[in-house]
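Just so you know, we're using my numbering here: the sequence shown kicks off at 41 and counts up by one. Yeah, the Cβ is synthetic: ideal placement off N, Cα and C, and Gly gets one too. Notes follow the structure.
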Amino acid sequence: MAQQNYRFVNWARNQQCTAQHYYQPENEADLVEIVKRSTRLRLTGTGHSWSAVCITPDTLVNLDRYNRVLHTDREKLQVKVQAGIKLKALIEHLDRHGLAMKNLGSINYQSLAGAISTGTHGSGINYNILGSQIEELTLIKADGQKLTLHSTRDKEMFNLCLVNLGCLGVISEITLNVVPAFNLHDYTVAIDYNEAKDRLHEYITNTDHLKRWWFPQTDPRVRDRW
């Protein structure tokens, strides 16, 4: 069932629209049918993007109810899921099986497909974006055909589809490569801006993950000008 004239507002509240049709499919058959009968369609996950990527006056599809874990293989270190699963739910599932994702961003509320489609990243010089952890994904094309793309067998097309912004089809199922569960030691410290700048290469090369926040109001030379 579609909601009519659905009002969408993104997380930052800087993008909004009224979609004529709004769907939340729960299975792949319904998803395929929605795609086939829609003239113009956009996807939305948690709405964390501040761009207009989800804005449409026509059909808007949300995959929050298309969020099941389909298969977990501890020996192969792989998990297969539906595209709408939230990162938080995926992480919790993996942890129960002694597994984890290799790299993550600082926010875990996004849907997996949304994070992949927008190039969401973690941090660390030896780590890539979330899309680099995908082994295989399936796309529902505009005519309803299901296309399966493998990271090595279909390398060229697969790479083109990673940061797709929802323009190349609807991601349906995703197989991820994961790692054994591990613990992180989080060390947070406040240091002078110039020291942080001068030692940046050292910090990047000697830590797995680095995040820097700049608070200019804490520097008297800057604060006194405000």
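Closest by C-alpha distance to threonine 192, out of Leu152, Leu177 and Glu213, is Leu177. Annotated as distal: glutamine 122 and glutamate 175, with beta-carbon spacing of 8 Å or more. Under the three-state reduction of DSSP output, asparagine 199 falls in the helix class. Linking asparagine 67 to alanine 236 through their CA atoms gives a straight-line distance of about 49 Å. Boundaries of the alpha helix (DSSP H) harbouring glutamate 132: 127-136, taken from the DSSP string. Nearest C-alpha to histidine 61 among Gln44, Trp51, Gly209 and Val49: Gln44.
Here asparagine 234 carries a helix assignment [DSSP, helix/strand/coil]. Taking the C-beta atoms as reference points, isoleucine 156 is found nearer than 8 Å to isoleucine 211. Unbroken alpha helix (DSSP H) stretches of 4 residues or longer found wholly inside the stretch 143-214: 152-157 and 195-202, given in chain order. In terms of Cβ geometry, leucine 127 and asparagine 148 form a close pair [threshold 8 Å].
Under DSSP, arginine 82 shares a beta bridge with Leu100.
Around the C-beta of threonine 228, fewer than 16 other C-beta atoms lie within 10 Å, and the residue is accordingly described as exposed.
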